[in-house]
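One structure is given here, and the rest of the page talks about it.
There are 2 protein chains.
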Amino acid sequence: MSLDYTNSIPLHVQLKKILEQQIYNGYYTEKLPSERELMDEYYVSRSTVRQSIEQLVRERVLERKPGKGTFVAIRTINDWLGSLHSTSENIEKMGMAPGAKLVASQEIEVFGRLKDVTGLDKAHHFKRVRYADDIPMGIERHYYPVGLGKKLSQYNLDQEAFYELLEKELKVKTFQAEQEIKAGAATRNDAKLLHILEGASIIIAERKITDIHGDFVEFERAHYRADMYSFKITLSRNSK
Amino acid sequence: MSLDYTNSIPLHVQLKKILEQQIYNGYYTEKLPSERELMDEYYVSRSTVRQSIEQLVRERVLERKPGKGTFVAIRTINDWLGSLHSTSENIEKMGMAPGAKLVASQEIEVFGRLKDVTGLDKAHHFKRVRYADDIPMGIERHYYPVGLGKKLSQYNLDQEAFYELLEKELKVKTFQAEQEIKAGAATRNDAKLLHILEGASIIIAERKITDIHGDFVEFERAHYRADMYSFKITLSRNSK
DNA sequence: AATAGATTTGGGTCTGTACCTATCTATTCC
DNA sequence: GGAATAGATAGGTACAGACCCAAATCTATT
Chain A
64 MSLDYTNSIP
74 LHVQLKKILE
84 QQIYNGYYTE
94 KLPSERELMD
104 EYYVSRSTVR
114 QSIEQLVRER
124 VLERKPGKGT
134 FVAIRTINDW
144 LGSLHSTSEN
154 IEKMGMAPGA
164 KLVASQEIEV
174 FGRLKDVTGL
184 DKAHHFKRVR
194 YADDIPMGIE
204 RHYYPVGLGK
214 KLSQYNLDQE
224 AFYELLEKEL
234 KVKTFQAEQE
244 IKAGAATRND
254 AKLLHILEGA
264 SIIIAERKIT
274 DIHGDFVEFE
284 RAHYRADMYS
294 FKITLSRNSK
Chain B
64 MSLDYTNSIP
74 LHVQLKKILE
84 QQIYNGYYTE
94 KLPSERELMD
104 EYYVSRSTVR
114 QSIEQLVRER
124 VLERKPGKGT
134 FVAIRTINDW
144 LGSLHSTSEN
154 IEKMGMAPGA
164 KLVASQEIEV
174 FGRLKDVTGL
184 DKAHHFKRVR
194 YADDIPMGIE
204 RHYYPVGLGK
214 KLSQYNLDQE
224 AFYELLEKEL
234 KVKTFQAEQE
244 IKAGAATRND
254 AKLLHILEGA
264 SIIIAERKIT
274 DIHGDFVEFE
284 RAHYRADMYS
294 FKITLSRNSK
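Residue numbers (this note's numbering), protein chains in the order written: chain A, 64 to 303; chain B, 64 to 303.
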């Protein structure tokens, strides 16, 4: 691929798109050519190359290491989801051991709201209980396309793995997450699993994750004990 | 103020800091000098000036307008808080009219957790009920340093104003917000105001806002009806 | 064989220059 | 008076060259 000099689209924008593509297509997975090499490859000046790369660094797609080179930034899904998901770390800070137990894994028919959100007819459903030490803290229900679910079900899910599996083992390229946080009351079933009273307050987090192409990857609905779980977010005026 | 050429701190970083200072000190409130003027003022090249400005544009402190100039970006507090606070807009989208009613405004002694968070002994406390059409939706409790509270209490707070007042009238330069979202149960008092049953699920949002110097500005604790209110957040891998 | 020093490679900073397009204003010509 | 045009101003793009720091590697001396 090469740049179109007659096009009115700035060269650094064109180059940025090309590099981005090559990264997401897996052509570059680690180290990129040096800035000077890219100059020669695309017949542009170093500042143009640098402008393209700067963009991608800003968007956290690339990382620069002085003296070494420019690298594809490998951010785990938890890195960017982490800004929200934080409270499981808090549990660790409190000196408690986080854990999880798989209580269900099956293919199901999908209908209602779940069908609207996911766009699926059938889904693979995983149900896990989350623990802090031995205290049940929340119930997580994960829904995946059947193909993906089948693959996932071959792993041992009695751990904190899910997202790591998606990324590292199954090479799913997650991209965007929409999250909604609300409150509700525990059903009888919830209550039993969480060792709380039926009707007690729970905090409900729903999350839909899509990949780079906008395709559905996962829907999660989690019910947490209100007395054990909260979400923390820090916002800053200049989003440094 | 001028740049230190002997210093090992890059010129564009030094310049950035100077500009940032001047903005936050109110020296620049609208239009900045042109890039070429800044070149002459600080004896640096245009690209260095541009680098400094680019940084600030990225952090949403400045805005560039081709053919016009570079301007201080005037973002209201709701612009950046908005990424979370969203559901009051949802109510508007549902065709309902948002409203508020002040039910208390007084100076109080502060203790316990509130004292820890705010670092105050006394505070001014405002209590408001939020409505969607005529349905009570949430109770907001705002706590301010007494001086600020006194000023605020002179305005008509039976509206959606608070943050606009802080910014436009009182010129408070808010900067950072820490927000925590959890669930809880309605107290008898809550229940009465919200027209729900005692013990019903509510969603609790606590927010602490500090200014540029890290000084405390506001603490808010809001109780929303779980069936009327939720928080939505969209996260993206490359935070474009 | 070990280590101090030079070399190479790579990003970081900075200058100067040139020309582009967007905006606004003042002037000129119907 | 109103439309077309020419400047002036401001940011946007792009190039070339120079020199600085960081990291890794090679090399020569101890």
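By construction, the Cβ of each residue, glycine as well, lies at the ideal position given by its N, Cα and C atoms.
With 9 Å as the threshold, decide whether the Cβ of residue i is near any Cβ in chain B.
i	result
isoleucine 198(A)	no
histidine 176(A)	It should be pointed out that residue 176(A) corresponds to arginine in this sequence rather than to histidine. So no, arginine 176(A) is outside the interface.
serine 299(A)	yes
alanine 240(A)	yes
tyrosine 226(A)	no
threonine 111(A)	no
Mind listing the chain B neighbours of residue i? Cutoff is C-beta to C-beta under 8 Å, in chain order.
i	result
serine 121(A)	In the sequence as displayed, the identity of residue 121(A) is arginine instead of serine. Here the neighbours are Arg121.
glycine 247(A)	Ala246, Ser264, Ala289
threonine 237(A)	Arg300
Can you tell me the Cα-Cα spacing of residue i and residue j, whole angstroms?
i	j	result
tyrosine 287(B)	isoleucine 72(A)	48 Å
isoleucine 259(B)	threonine 297(B)	30 Å
glycine 201(B)	valine 180(B)	22 Å
glutamine 77(A)	serine 110(B)	21 Å
glutamate 104(B)	lysine 131(B)	20 Å
tyrosine 194(A)	methionine 291(A)	10 Å
valine 107(B)	isoleucine 81(B)	14 Å
histidine 276(A)	glutamine 239(A)	10 Å
glutamate 203(A)	alanine 160(B)	35 Å
histidine 75(A)	aspartate 184(A)	43 Å
valine 235(A)	phenylalanine 134(B)	42 Å
glycine 247(B)	leucine 119(B)	40 Å
serine 97(B)	aspartate 274(B)	29 Å
alanine 224(A)	valine 124(B)	39 Å
aspartate 278(A)	tyrosine 207(A)	12 Å
leucine 233(A)	alanine 268(A)	25 Å
lysine 255(B)	glutamate 261(B)	8 Å
glutamine 169(B)	alanine 249(A)	37 Å
serine 115(A)	glutamine 85(A)	13 Å
arginine 307(B)	serine 299(B)	Residue 307(B) lies beyond the residue range present for chain B, which begins at 64 and ends at 303; the question has no answer from this structure.
methionine 102(B)	glutamate 117(A)	23 Å
glutamate 243(A)	leucine 66(B)	47 Å
leucine 229(A)	leucine 211(A)	9 Å
aspartate 196(A)	alanine 167(B)	43 Å
tyrosine 91(B)	leucine 257(A)	56 Å
serine 293(B)	glutamate 100(A)	51 Å
Bridge partners of residue i, per DSSP?
i	result
leucine 286(A)	First, the amino acid is wrong: residue 286(A) is histidine here, not leucine. Partner(s): Ile202(A), Ile267(A).
proline 161(B)	Ala195(B)
glutamine 169(A)	His188(A)
tyrosine 207(B)	His187(B)
glutamate 241(A)	Lys271(A), Thr297(B)
leucine 125(B)	Val135(B)
phenylalanine 279(A)	Thr273(A)
lysine 94(A)	Phe134(A)
glycine 247(B)	Ile265(B)
Mind listing the chain B neighbours of residue i? Cutoff is C-beta to C-beta under 7 Å, in chain order.
i	result
isoleucine 137(A)	In chain order: nothing, as chain B lies at least about 11 Å away.
Closer than 9 Å, CB to CB, is residue i near chain A or not?
i	result
alanine 167(B)	no
lysine 295(B)	yes
isoleucine 116(B)	no
isoleucine 267(B)	yes
Going along chain A, which residues have a C-beta under 7 Å from residue i?
i	result
glutamine 84(B)	Chain A residues near glutamine 84(B): none, gap ~13 Å exceeds 7 Å.
phenylalanine 134(B)	Near phenylalanine 134(B) there are no residues of chain A at all, since even the closest Cβ is about 15 Å away, more than 7 Å.
Name the chain A residues that come within less than 8 Å of residue i, Cβ to Cβ?
i	result
glutamate 243(B)	Ser293, Phe294, Lys295, Ile296
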